[in-house]
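Participant:
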Amino acid sequence: MTAQAPDSELQLTTASPEETMRTGEALGRLLPPGSVVCLRGNLGSGKTCLTQGIGRGLGVCGGIHSPTFVFINEHPHCSAGPCLYHVDLYRIHDEADVLALGLEEYMYGDGVTVIEWAERAEDLMPPDCLWVSLRYVDEHTRHLTFEANGASYAHVLANLRRELASTDGEA
Ligand SMILES: Nc1ncnc2c1ncn2[C@@H]1O[C@H](COP(=O)(O)OP(=O)(O)OP(=O)(O)O)[C@@H](O)[C@H]1O
Ligand SMILES: [Mg+2]
Numbered sequence: 531m532t533a534q535a536p537d538s539e540l541q542l543t544t545a546s547p548e549e550t551m552r553t554g555e556a557l558g559r560l561l562p563p564g565s566v567v568c569l570r571g572n573l574g575s576g577k578t579c580l581t582q583g584i585g586r587g588l589g590v591c592g593g594i595h596s597p598t599f600v601f602i603n604e605h606p607h608c609s610a611g612p613c614l615y616h617v618d619l620y621r622i623h624d625e626a627d628v629l630a631l632g633l634e635e636y637m638y639g640d641g642v643t644v645i646e647w648a649e650r651a652e653d654l655m656p657p658d659c660l661w662v663s664l665r666y667v668d669e670h671t672r673h674l675t676f677e678a679n680g681a682s683y684a685h686v687l688a689n690l691r692r693e694l695a696s697t698d699g700e701a
């Protein structure tokens with residue numbers, strides 16, 4: 531895995547689903563309650579895979595599957611930490627649909643909200659959030675770009691960069 535600067539952005543390439551999941555897991559351990567992570571990327575680019583890792587890092591219960599048909603899956607924490615709201619906007623028609631889902635109540639609550647296809651309601655995303663763009667490179671390889679909006683997410687990214695650098699040699 532290779533990662534590079536600057537502070538509000540982190541780019542890396544993963545060579546397997548497990549590596550994407552480990553990246554998500556490292557991120558999940560760093561996200562405070564109330565965090566919002568906005569994922570964009572084509573079908574099969576690894577959004578759900580990254581979310582599974584985030585859930586593992588947060589320590590939430592139950593398997594994480596794509597919520598495409600239900601829009602939002604709520605995963606409670608296994609002990610006392612934040613829950614995970616896993617949102618998928620693939621099937622929304624317009625922003626009115628998103629408002630009807632009550633997405634804003636999730637995003638401004640105490641859980642961690644991860645939104646697949648977030649670009650479909652970009653204007654409704656909070657000003658402070660973490661965007662992750664995932665790009666298919668080849669069958670096993672994905673390119674991930676993390677962009678922090680707001681100082682607290684820049685801080686999360688700095689810690690993620692440090693964490694990934696320290697575990698790079700262990701993989
Ligand atoms: N480096 C990689 N990172 C993540 N997934 C990978 C990687 N290499 C191969 N894959 C495969 O790509 C697929 C990614 O599927 P995933 O459901 O995570 O994508 P998605 O972006 O959520 O798609 P959708 O838009 O349909 O929800 C999985 O089958 C996974 O095994
Ligand atoms: Mg998905």
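Letter by letter, the sequence shown follows residues 531 to 701 in this note's numbering.
Virtual Cβ for every residue (Gly too), placed ideally from N, Cα, C.
#1: Taking the C-alpha atoms as reference points, what is the distance between S575 and I622?
#2: CB-CB under 7 Å to G719, same chain, minus the five flanking residues each way: which ones, in chain order?
#3: Please classify C591: is it buried, with 16 or more other beta-carbons within 10 angstroms of its beta-carbon, or exposed?
#4: Pull up the distance between the alpha-carbon of L540 and that of N572, whole angstroms please.
#5: Below 6 Å CB to CB, which residues in the same chain sit around L580 once its five sequence neighbours on both sides are set aside?
#6: Since V617 and V644 should fall inside the 8 Å C-beta cutoff, what is the C-beta to C-beta distance between them, to a whole number of angstroms?
#7: Does DSSP put L690 in a helix, a strand or coil?
#8: At a threshold of 7 Å, does A610 count as lining ligand 1 (C-beta to nearest heavy atom)?
#9: Nearest-angstrom Cα distance between L705 and P562?
Facilitator: This is what the structure holds:
#1: 19 Å
#2: The structure shown does not extend to residue 719, since the chain is modelled only from 531 through 701, so no value can be given for it.
#3: exposed
#4: 19 Å
#5: T550 and G554
#6: 7 Å
#7: helix
#8: no
#9: One cannot answer for residue 705 here, as it falls past the ends of the chain, which runs 531 to 701.
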